[in-house]
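Report on the structure given below.
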């Protein structure tokens, strides 16, 4: 190892999202309290903090209140407070407002915010505490010594498409750390490797995900009230086929945040979440909010929503996993930011104690899990541990069983087993429902005013990738892919990817092949999750590449 | 130990510049990046260091404190030290003043005192928000050192620099001594990514910030006060094109057939714009008219010689030169400076094309253009003839020569103009009308705006975009003077050697002479432009002069050579038929082709702005359309150009 390219730190945090930054902030506080003078580094693959952050977001602020000083909390860049909260059941033409919603889904008093902005703010608070935050650096590799984590290595750059070193080649930097905290967000690349190497999922159910797509609009005055919150379910989703729904939030300055999320456990290989959102926007109850407005930003991310039972063991020797990477999302409210903050604080306490005792072993770090079990992560996730599982049975049966769970603190008979999302996909020949394209054939021409094709949407994500690099989306076995994914599943990736990364190319002889437009990728990781046969592996491209979210 | 000094500017990310509600580009919300050309220069500096035994790398910039962020990026790429000249008083500086201030900072750091120093200045060719390419030349002149601009890559060999310079239709290999200034196009080695260890180093490195007092700059030398040129006004560029006629059909064949029908039935070309009368300078009763020319008179142009022939842009230049002379006092002369070896015959051509007097410097050693010698000769001619206006074609040579001369004459330069007129400038505060004055107009980057730039020091120097003006009618009856001129040549100005000049087929001249240009944009790349080239060659087979070209992104991606780039930073062309394939129609591209007689746009995306600037449009995949079009061309369809024969 070239010593020039190696740096050391006490704690390395991978990912500057809410979990990583909360870990850093609280860790700096804990170190100060216990009189430890230690180095904390945070590295982030986005080209700036917040660039890869996307959330609704209606925030439960309790955790941030605990994390920050009163003054810091007061200065949080919230957009506005929720002023009304309605849940709509949409039919093809109409809408029915539920007269009530389950208390667990109530949002009154919560804040609407852009998580991009919150993270940028948290980064300044971390920096003020002496934490070093480095944006624009990507990692794909965990460093081990004697089978224990000792750090990570940033990726080599200046390598061409074929993997050959170019004149501007730069070897990645090895970062040695006594403790690594993985806060990579949903489907973290390193967390995935770690879970597999140490079998951290052995006692957990499979993790299941939703794909959420968000748009930010500027609309004429009067289209929507500031602080107005609408959640929708029903149309255009089929209650027995897809689980999900949409949201519309009125922001200040006549901005509207809207999003649409669908569980990736659907069976239809031609289902297209991006297109479904465009169909949803055409519904009169949604279109009215956007009338004569303009799209400002677009983004997509996946959400781990398996709940408590799908969480991995979040620690082993020298390493912890926090936030989305560990599946910490409260269902059915679909809220994870406050749990990410809480996880960061729990991790910080455990790490501080471990370093004080000079013991970073798995045993020492099990304190992290103890703290989680005493925190709101447990109290908000455990009672709903079976929610997502019963919902695989459809909205009506699932909804009934969920109702029972509300009375039994989550216990439920006949709970179906969760399975991986990619297993849920059916082959084209075996899918018996009406394919997505058929269901909405009259609604899939996009006018580029209200509705957009994927490439146009991608433009609004600001995504960019250096063309001179190995493609970051690995098709694990090309022949197998051709046989299974293309022939049997109709190249389902062209539909499930919200960013037009995958093109089902048909050449002049009619031969089908896959073309990958990696430059469109918005880092949502749906392909890594949903590709049948786990055929695609999402690796991290060069640091600084990817979307450039400003206010999502 | 050699010091490599990289000059760098931070600019708004072009792709993030969005149209604001007032219709102007909103730069404030755009993220800032290192100017792309400058990032290539940063890499070139790092590459040079790797070829030397130890070199110190420093990076310098001038701008607001927010530029520190980019200077730190340079450190994280491997630079050792960073300097920023930052002062509110520098606001409003033109390129002349910017070059002057940067040079002063380098002198303050101990460079530029003599020719025996051991340093190299590297810089980007031009910035994306200025597009003038002046500053590298001006810094070289201010420091009194040799220069090479528009470089693709360099090598360090036997204590000299071997550089590959892009010229029209090819390249030139140059050998330069040290010290020297080198400017780079974004076509060489792409900038390396910072390393994390570098970023840690950058975090702990202090950027040294100077204000103007620190480097002893007087207020009269900087900002608006020190700038010889100012932006007098900015106006919108209007489109005079009739609405587009779109083709209808369900297949490539049908769409092409419909296009043929449309082109036959309705000629949808550019309306002729009536020529404006030269403005009469009217004197308001309470204003004082100031003629700042101080006896300077006449227009001087440069006749560029390539391969023993006059370059077409130099002939084009005589059109505005003659027009300007007509707008000025009677008897105002158009003089042309012709430098070369055995160029007597060419002098006559210049007269036939409108020049009143050709000043000839005929010297065997001056066969090829060399910046140090040519700029020195120009300065001597300007001193002898005192022209009020000097014009250069904005070729790769003209774009480095004009700013170097502009430093010698202290008059600054307006780059890349598309219109040149005589007007007046009112200073209402001082109640002064400056007249007559040269109004140089140029489109400003990323905006559908035309800026008018004026200068108050003679000669007023402008470069005119190649292809913007027509070549004047040749008239063998016309008479004029041919005057030999013997300049004093300094042996030191021969230090840069030309090792090799390579001018290939295609590129600049054939683009200007083509009747049809087929341009491939980012949306026509999936076959490496094979179909584009096939269409061009099919037309050539039919006896139509046709060339292929590309838009800027395609050149930036390295798919096409820079010489074939159409647009603001490339070439302006006006063929009879312009076929834009997969070109999105960014304003930077439009300004380079909007004067074409007929424009045909082919794009799969109906919303692309190219359709708002074309006469005939086809929405569809170019892979479907072009084969059908090529087939029709092979059957004899030549876009109506057969009528001209």
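Protein chains in written order, with the numbering used here: chain H, 451 to 1002; chain S, 3 to 647. Heads up, the beta-carbon is just placed ideally off N, CA and C, and yes, glycines get one too.
Inter-residue spacing [alpha-carbon to alpha-carbon] between residue i and residue j
i                      : j                      : result
residue 641 of chain H : residue 634 of chain H : 8 Å
residue 439 of chain S : residue 562 of chain S : 40 Å
residue 906 of chain H : residue 969 of chain H : 13 Å
residue 43 of chain S  : residue 610 of chain S : 33 Å
residue 881 of chain H : residue 928 of chain H : 24 Å
residue 560 of chain H : residue 975 of chain H : 29 Å
residue 50 of chain S  : residue 188 of chain S : 16 Å
residue 779 of chain H : residue 563 of chain H : 18 Å
residue 710 of chain H : residue 558 of chain H : 21 Å
residue 921 of chain H : residue 853 of chain H : 46 Å
residue 500 of chain H : residue 463 of chain H : 15 Å
residue 836 of chain H : residue 867 of chain H : 9 Å
residue 498 of chain S : residue 150 of chain S : 9 Å
residue 812 of chain H : residue 751 of chain H : 31 Å
residue 469 of chain H : residue 490 of chain H : 14 Å
residue 817 of chain H : residue 826 of chain H : 16 Å
residue 520 of chain S : residue 764 of chain H : 59 Å
residue 539 of chain S : residue 548 of chain S : 7 Å
residue 56 of chain S  : residue 3 of chain S   : 6 Å
residue 569 of chain S : residue 315 of chain S : 16 Å
residue 615 of chain S : residue 243 of chain S : 7 Å
residue 409 of chain S : residue 566 of chain S : 30 Å
Outcome for residue i when other beta-carbon atoms lying within 10 angstroms are tallied against a minimum of 16
i                      : result
residue 245 of chain S : exposed
residue 417 of chain S : buried
residue 577 of chain S : buried
residue 136 of chain S : buried
residue 495 of chain H : buried
residue 37 of chain S  : buried
residue 527 of chain H : exposed
residue 541 of chain H : exposed
residue 776 of chain H : buried
residue 649 of chain H : exposed
Contact set for residue i: own chain, Cβ-Cβ below 6 Å, skip 5 residues either direction
i                      : result
residue 428 of chain S : 435
residue 640 of chain S : 544 and 546
residue 729 of chain H : 686, 890 and 893
residue 699 of chain H : 562, 679 and 707
Residue i and residue j closer than 7 Å at C-beta
i                      : j                      : result
residue 91 of chain S  : residue 224 of chain S : yes
residue 587 of chain S : residue 620 of chain S : no
residue 570 of chain H : residue 478 of chain H : no
residue 340 of chain S : residue 373 of chain S : no
residue 383 of chain S : residue 364 of chain S : no
residue 505 of chain H : residue 565 of chain H : yes
residue 131 of chain S : residue 231 of chain S : no
residue 257 of chain S : residue 267 of chain S : no
residue 228 of chain S : residue 99 of chain S  : yes
Own chain, CB closer than 7 Å to residue i, minus 5 neighbours either side, in chain order
i                      : result
residue 467 of chain S : 396, 418, 419, 420 and 574
Residue i beta carbon near the ligand FMN (any heavy atom closer than 6 Å)
i                     : result
residue 74 of chain S : You won't find the ligand FMN in this model; it holds no ligand whatsoever.
Neighbourhood of residue i by C-beta distance below 8 Å, restricted to the same chain and skipping five residues each side
i                      : result
residue 443 of chain S : 419, 420, 421, 422, 423, 452, 453, 454 and 455
**Request:** Residues of the stretch 611-636 of chain S with a CB closer than 8 Å to any CB of chain H: list them in chain order, please.
**Result:** none
**Prompt:** Taking Cβ-Cβ distances below 8 Å as the criterion, which residues of the stretch 619-638 of chain H are in contact with chain S?
**Reply:** 619, 620, 621, 622, 623 and 625
**Request:** Give, in chain order, every residue of the stretch 38-51 of chain S whose Cβ lies closer than 9 Å to some Cβ of chain H.
**Result:** With the criterion set as a beta carbon lying under 9 Å from some beta carbon of chain H, the members of the stretch 38-51 of chain S are 45, 48 and 49, in sequence order.
**Request:** Could you list the residues in the stretch 195-221 of chain S with a C-beta less than 9 Å from some C-beta on chain H, going in chain order?
**Result:** 195, 196, 197, 198, 199, 200, 201, 202 and 205
**Request:** Compile a chain-ordered list of the residues in the stretch 914-930 of chain H whose CB is closer than 9 Å to at least one CB of chain S.
**Result:** Residues passing the 9 Å Cβ filter: 914, 916, 917 and 918.
**Item:** Residues, ordered as in the chain, of the stretch 470-484 of chain H that lie near chain S by beta-carbon distance below 7 Å
**Value:** none
**Asked** Just by C-beta distance, which residues in the stretch 549-578 of chain S are closer than 8 Å to chain H?
**Response** 559
**Under 7 Å (Cβ pairs) to chain H, residues found in the stretch 594-610 of chain S** = 609
**Request:** Please name the residues in the stretch 572-599 of chain H whose beta-carbon is closer than 8 Å to at least one beta-carbon of chain S, in chain order.
**Result:** The residues in question are 582, 584, 586 and 587.
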